Amino acid sequence: MKLSDQAFLPVRALNENARRAFIERRDSLYSYLSSEEQQCVLRLADWYAIRKQSLLPAIELLNRSSMAVSNQLLFPLHGLPKPNLLVRGLAQLNVARGKAEDRYSHWLHEQFISKIADESDVNAQEDTALGVLLFFRLLQVELGREWTRVFLEKRLTLAAQQWVKDGRVPPEVRLRAAIRSLLHEGNGRDLLDLRRLTWGLLLEVVSRDTEAAAAFVDEHWKSSGGSAVFFPLYFHESPELAYQLATRFRPFRREFSEEMLRQAIFNTALKLLGNDRSVSLGVAVDSLLAPMSALLVVWTLDTPGASVESRLRALDCLFRYGDPSGDYWTRLPSACLALIESISSEEQGQWLHLLAAASFYSDQTASTADAALRRFDHHVARELSSPIGNAPSGVVQVARKLDNALGLLEDKVLSHRNRHIPPNPQHPLMVAFENRLNTCRERWFGVNSPTAMQDLVALTLGLSSERLIRRHHEVLLREFPLRVQASPQDAGLALKRLIQYRGYSQTGDQMYRKQLCQDTFDALLPTLEKVSQADASVARSGIGWSPRGDI
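Take the sequence shown: its position 541, counted from the start at 1, is 1487 in the working numbering, and no numbers get skipped.
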């Protein structure tokens, strides 16, 4: 079943290359269709071939009259002669003709959509319609006037979305069609906005047929963060949908249900933090978080069988978005510490932020706080003394990782701290990390590296804790004058990198870093100028730098 070369070709003139490219694209899209869809497209090709694309023939005299009137209006200072009454009348006639053509084009679009529905509704239990609609949407088929193509694309998109929501067709059929369409595109685009609808379809399927729903999840869900089909981003609009999926799938797909519950809590918390307390599906968002968190506690702490990784992810979610006044809260730190101690030392290094959370959220008089602090300190020492941490560049890499784990101690947008707990940048966790980092930095300064100042600037810029950033600017102000004489080239490149940092955009609570870099640069540049004007010029070359390179 092949399409003829003329099938769906635009009426407008195409050169040979454009014609060949259109046919190749059309045939490629056609090859993805099932045999039923191909038969439907063949019937539509016959319908398309006999459609009259234009209501009235184009008349050159009318077009020239319109051009004359338009030129006189658009370019009044060019001295063009004013069109006479006959020319203006012909121009008005051409405007009326254009409006009639527009209406005819929209009528053709409606007829086309209706014809697709008729041809694909022969067997409503099949998923033909969506594949056919996607074929024409990707092909960008033209009907009527060329400029109305965008309206046809919108109509095709709307028709596809309406079909996906059509309750007359079984939900598993609709979901299967949506999945085929998403996988069909293959380039990451979702022209029909189907990912927004797949979660609702999955809920419909699991309400009717748990085995079919489980098969969809097994084939298309990836626990690492979604897939081309099931994309968690859309839960932000309706977190209660994730909650419903979690409870429905719990009896037979435990890992998936736990991930859905974490997504529900995460997206509900985002709505609350954004003061978006909208009501969807008749449920107020702020009334969902407490029962969701309580259920996750039961699944994590009171129900055996979950993997260590799954339980740690659940505890991470509860630390960030749970209620410290809840009965379960005091159980979380000790449970977290026990789970981390149950895995190997290498694996523990992946959960340093949870070790920090176990210490930070514990009652500071409890043994858990001290035990978690000691274990965190042990891993800090281990990381900084590793082969990677022994090199200055490695220190920067390791320090950034460890510093990020302590983000919950500070009051900033991306701290991931529980909103009910105040920040504490003076916490013993920060003190322990700072002491270890100071020891490591002094060790590398002791070897008289030729890039010592550049390494110090890299470390300063790589940190995210305001307390550590300010301390390292103080170190830079202290060490620079002592080392500039021995290595002015290193000093010039270090200052250049420091001032270039102002070119990066920052969140509101990080803007102080730009001013801090400017103040340190202004304080140190005169010292470098006294030693080497050439290297001072290198340092000044970083002023006004942009990472984009084009501004």
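Just so it is clear, CB atoms sit at the ideal spot from N, CA and C, and this is done for glycine as well. Bear in mind the structure is a predicted one, so any value in this text is a computation, not a measurement.
{"Asked": "What do you reckon, are the CB atoms on V1341 and G1408 nearer than 7 Å?", "Found": "no"}
{"Asked": "What ranges does the beta strand (DSSP E) occupy inside the region 1422–1483, keeping only unbroken runs of at least 3 residues that lie completely in it?", "Found": "none"}
{"Asked": "Measure the C-alpha to C-alpha separation of E1201 and S1411 and round it to an integer number of angstroms.", "Found": "35 Å"}
{"Asked": "Applying the criterion that 16 or more other CB atoms from any shown protein chain within 10 Å of the CB defines a buried residue, is A953 buried or exposed?", "Found": "buried"}
{"Asked": "With DSSP run on the structure shown, which of helix, strand or coil describes I1289?", "Found": "coil"}
{"Asked": "Which of the three DSSP states is assigned to I1415 in this structure?", "Found": "helix"}
{"Asked": "Beta-carbon within less than 7 Å of L1080's beta-carbon, same chain only, minus the 5 sequence neighbours each way: which residues are those?", "Found": "A1106, S1127, H1130 and L1138"}
{"Asked": "According to DSSP, is G1295 part of a helix, a strand, or is it coil?", "Found": "helix"}
{"Asked": "Rounded to the nearest angstrom, what separates W1275 and A1240 at their Cα positions?", "Found": "10 Å"}
{"Asked": "Leaving aside the five residues before and after R1257 along the sequence, list all residues of the same chain whose C-beta is less than 7 Å from its C-beta, in chain order.", "Found": "T1246 and L1285"}
{"Asked": "Determine, using beta carbons only, whether E1205 comes closer than 7 Å to chain D.", "Found": "This model lacks chain D altogether, as it is built from one protein chain only."}
{"Asked": "Which residue spans inside the region 1196–1279 form an unbroken beta strand (DSSP E) run of at least 3?", "Found": "none"}
{"Asked": "Once you ignore the five residues that flank A1070 on each side, which residues in its own chain have a CB closer than 7 Å to its CB?", "Found": "In this prediction, A1070 scores a pLDDT of 49, lower than 50, which makes its location untrustworthy; no coordinate-derived value is stated."}
{"Asked": "So, at 8 Å on beta carbons, what are the nonlocal neighbours of A1469 in its own chain, with the 5 sequence-adjacent residues on each side left out?", "Found": "L1423"}
{"Asked": "How would you call A1042, buried or exposed, if buried means at least 16 neighbouring beta carbons within 10 angstroms?", "Found": "exposed"}
{"Asked": "Please list, in chain order, all residues of the same chain as Y1458 whose beta carbon is under 8 Å from its beta carbon, the five residues on each side excluded.", "Found": "E1412"}
{"Asked": "Roughly how many angstroms separate the alpha carbons of L1098 and L1216, rounded to a whole number?", "Found": "37 Å"}
{"Asked": "Since L1319 and A1378 should fall inside the 8 Å C-beta cutoff, what is the C-beta to C-beta distance between them, to a whole number of angstroms?", "Found": "7 Å"}
{"Asked": "Between the region 1050–1067 and the region 963–977, do three or more beta carbon pairs fall short of 8 Å?", "Found": "no"}
{"Asked": "Applying the criterion that 16 or more other CB atoms from any shown protein chain within 10 Å of the CB defines a buried residue, is F1322 buried or exposed?", "Found": "buried"}
{"Asked": "Considering only residues of the same chain and omitting the five flanking positions on each side of V1243, which have a CB-CB separation below 6 Å?", "Found": "Y1274"}
{"Asked": "As an exercise, report each continuous alpha helix (DSSP H) stretch of at least 4 residues that is fully enclosed by the region 1339–1406, in chain order.", "Found": "1374–1391"}
{"Asked": "CA-CA distance, M1206 and L1235?", "Found": "14 Å"}
{"Asked": "Excluding five sequence neighbours on each side, which residues of the same chain lie with their C-beta closer than 7 Å to the C-beta of I969?", "Found": "D951"}
{"Asked": "Tell me whether the beta-carbon of R1091 lies closer than 7 Å to the beta-carbon of S1051.", "Found": "yes"}
{"Asked": "Taking L1530 and S1305 to be in contact with their CB atoms under 8 Å, please state how far apart those CB atoms are, rounded to whole angstroms.", "Found": "No answer is possible for residue 1530: it lies beyond the span of the chain, which begins at 947 and ends at 1497."}
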